[in-house]
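A.B. asks: Right, I'll just put the structure down here and ask away after.
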Amino acid sequence: SQTIHQWPATLVQPVGSPLSLECTVEGTSNPNLYWYRQAAGRGLQLLFYSVGIGQISSEVPQNLSASRPQDRQFILSSKKLLLSDSGFYLCAWSETGARGEAFFGQGTRLTVV
Amino acid sequence: AQKVTQAQTEISVVEKEDVTLDCVYETRDTTYYLFWYKQPPSGELVFLIRRNSFDEQNEISGRYSWNFQKSTSSFNFTITASQVVDSAVYFCALSEAYYGQNFVFGPGTRLSVLP
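In order, the protein sequences belong to chains A and B.
Take the first sequence: its position 104, counted from the start at 1, is 104 in the working numbering, and no numbers get skipped.
Here the working numbering runs 1000 ahead of the position in the second sequence, where the first position is 1.
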């Protein structure tokens, strides 16, 4: 069966520090991968999605970047965090093509102080 | 462009009441997929249902039922005989088959079921 792992679960980082959140999927090949952000009490904002290795689409201009170095690995990064980067970050995967549901990781709660 | 609207920000009901969560969507695609997710306090999103645009048959799963109407671009979710464990934020989402590989989520509806 397929599983998705996202870590860390919580993170407190100072303003200006770098960020790296990692997400891996097991049990499937060539998945679509997504990064979402959820601000406190708000909906889900799609940040990045990827349909293959090295292929990244950015939905919202921001202080973040994403990379997909391997088929089932998706990394969210920042060189210098801002206070506004605080939020709940969710990684998700779906089968190739936009036909299947997305399955989500357990999320990372990031607080920038 | 894709858009999902959930007009109800918060709903409170008493246990055993029925409750309907509304979802209205916009899409330029003729083939698309609709979803409902539940987000309990733990934060993880739990998939509930997927519907494709060709299938307007309503679906029932236990106390949950979904009403898909293309004519009004709506995909409403009803919980019958609500329970405290149903308290969560519920998200409706849309995915287009041809114009995007991504999922667009509505803003969510926070449901509180009171004992």
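Note that the Cβ used here is the ideal one computed from N, Cα and C, for glycine as well.
#1: For A:Lys79, name the three-state secondary structure that DSSP assigns.
#2: Identify every residue that forms a DSSP beta bridge with A:Ala40.
#3: Should B:Pro1040 be labelled buried (16 or more other beta-carbon atoms within 10 Å of its own) or exposed?
#4: Counting only the same chain and skipping the five closest in sequence on each side, list residues whose C-beta sits under 8 Å from that of A:Glu101.
#5: By how many angstroms is the C-alpha of A:Val15 removed from the C-alpha of B:Ser1082?
#6: Nearest chain B C-beta to A:Glu26 closer than 8 Å, yes or no?
#7: According to the neighbour-count rule (16 or more other Cβ atoms, all chains shown, within 10 Å of its Cβ), is A:Arg42 buried or exposed?
#8: Between the stretch 38–53 of chain A and the stretch 1024–1036 of chain B, do three or more beta carbon pairs fall short of 8 Å?
#9: Give me the Cα-Cα distance between A:Gln62 and A:Thr108, rounded to the nearest whole angstrom.
#10: Can you find a CB in chain B that lies within less than 8 Å of the CB of A:Ala39?
#11: Using 10 angstroms around the beta-carbon of B:Asp1086, count the other beta-carbons present and answer buried if the total reaches 16, otherwise exposed.
#12: Compare the Cα-Cα distances from B:Val1054 to each of B:Glu1096, B:Phe1091, B:Tyr1064 and B:Gly1108 and report the closest residue.
#13: Can you list the residues of chain A that B:Pro1115 reaches, using a CB-CB cut of under 8 Å?
#14: For the structure I just gave you, are there three or more beta carbon pairs, one from the stretch 72–86 of chain A and one from the stretch 1013–1029 of chain B, closer than 8 Å?
#15: Quick check: the Cα distance between B:Val1004 and A:Tyr34, rounded to an integer number of angstroms?
#16: Run through chain A and tell me which residues come within less than 8 Å of B:Pro1107, C-beta to C-beta.
#17: Do B:Leu1094 and B:Thr1027 have their CB atoms nearer than 8 Å?
#18: Figure out for me which residue from A:Gly27, A:Gln55, A:Leu82 and A:Ala40 has the closest Cα to the Cα of A:His5.
C.D. replies: On the basis of the supplied data:
#1: Residue state, collapsed to three classes: coil.
#2: A:Ala40 is not bridged to any residue.
#3: B:Pro1040 is exposed by the Cβ-count criterion.
#4: Within the same chain, Ser94 come within 8 Å of A:Glu101 by CB-CB distance, once the 5 residues on both sides are set aside.
#5: If I take the Cα positions, the gap works out to 43 Å.
#6: Not one beta carbon of chain B lies nearer than 8 Å to the beta carbon of A:Glu26.
#7: When all chains shown are included, A:Arg42 counts as exposed.
#8: No, the stretch 38–53 of chain A is not in contact with the stretch 1024–1036 of chain B.
#9: In this structure, the CA atom of A:Gln62 is about 18 Å from the CA atom of A:Thr108.
#10: So no, A:Ala39 is outside the interface.
#11: Burial call: buried.
#12: The displayed chain sequence assigns Phe, not Val, to residue 1054 of chain B. Its Cα nearest to that of B:Phe1054, the residue B:Glu1096 stands out among B:Glu1096, B:Phe1091, B:Tyr1064 and B:Gly1108.
#13: Result: empty, since nearest Cβ-Cβ is about 23 Å, beyond 8 Å.
#14: In this structure the stretch 72–86 of chain A does not lie against the stretch 1013–1029 of chain B, because fewer than three pairs of beta carbons, one per stretch, are closer than 8 Å.
#15: So the alpha carbons of these two residues sit roughly 18 Å apart.
#16: Listed along chain A are Arg42 and Gly43, each with a C-beta nearer than 8 Å to that of B:Pro1107.
#17: With contacts defined as CB atoms closer than 8 Å, B:Leu1094 and B:Thr1027 qualify as a contacting pair.
#18: Of A:Gly27, A:Gln55, A:Leu82 and A:Ala40, the residue nearest in Cα terms is A:Gly27.
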